[in-house]
Every structure is written in structure tokens, then in C-alpha cells.
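Okay, so the sequence shown: first residue is 183 according to this note's numbering, each after it adds one.
All C-beta atoms in this analysis are idealised placements derived from N, C-alpha and C, irrespective of residue type, glycine included.
Notes follow the structure.
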Amino acid sequence: MLKPLVDQLVEADGRNLNQLAIAYGIAKDGEKPERQDKYRNTLLRIVEKPDSASWENLARFLRVLGVDAEAALTIAISSAAKAKAS
């Protein structure tokens, strides 16, 4: 349900995964991670399977992308419901 939305947001953002991982680390820890790739695997899991990601990690990732997590979830649910009704 969330995969198409996450893919679209990542593509529109324009940063690569390492840049997003640094921004995620700053959002999570309040400072730049010592290793550039510290949160890379976390982001890979979120991007590949956002429906199984923890709400906290997904919401933080969406904030890094500049998106209100609740609004994104509402859009994803609405899109899924429309697709199911068709």
C-alpha cells in the first residue's frame, strides 16, 4: 500500500540513499552519524517494504523527505481504497 508512495517521494527528493541516511541519522540522533552508511540498511528496508516498517522509523523517514507522515498515510489509504473499488 505504501510502496508506490514511498518510491515517488524518494524519486522526487533527489538525494541518494547515503544522503538520506545522514539526514535520517540527524533526525534520529540529533547529530550527523560518524559513519555515512550507519542507517543505510534501515532505509533500504523502509524503501523496499514500507508496510512492514515500524511506524516510528517510517514517520521519521517521511519527515526527512519533508512529508507529514499522517498526511502520507491518509493519501496511501485513500489510493488503495480507490484501487480496490475499481
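Check: Flag Pro186 as yes when its Cβ comes closer than 7 Å to any non-hydrogen atom of the ligand ADP, and as no otherwise.; Outcome: Of the ligands one can find in the structure shown there are none, so the ligand ADP has no counterpart to examine.
Check: So, helix, strand or coil for Ala235, using DSSP?; Outcome: coil
Check: Below 8 Å, can you find three or more Cβ-Cβ pairs linking the segment 202 to 219 to the segment 255 to 266?; Outcome: no
Check: Considering only their Cβ atoms, is the gap separating Arg222 from Leu199 smaller than 8 Å?; Outcome: yes
Check: In chain order, which continuous runs of the alpha helix (DSSP H) of length 4 or greater are located wholly inside the segment 187 to 226?; Outcome: 199 to 211
Check: Helix, strand or coil for Ser268? Go by DSSP, reduced to three states.; Outcome: coil
Check: Taking Cβ to Cβ, would you say Lys185 is nearer than 8 Å to Ala203?; Outcome: no
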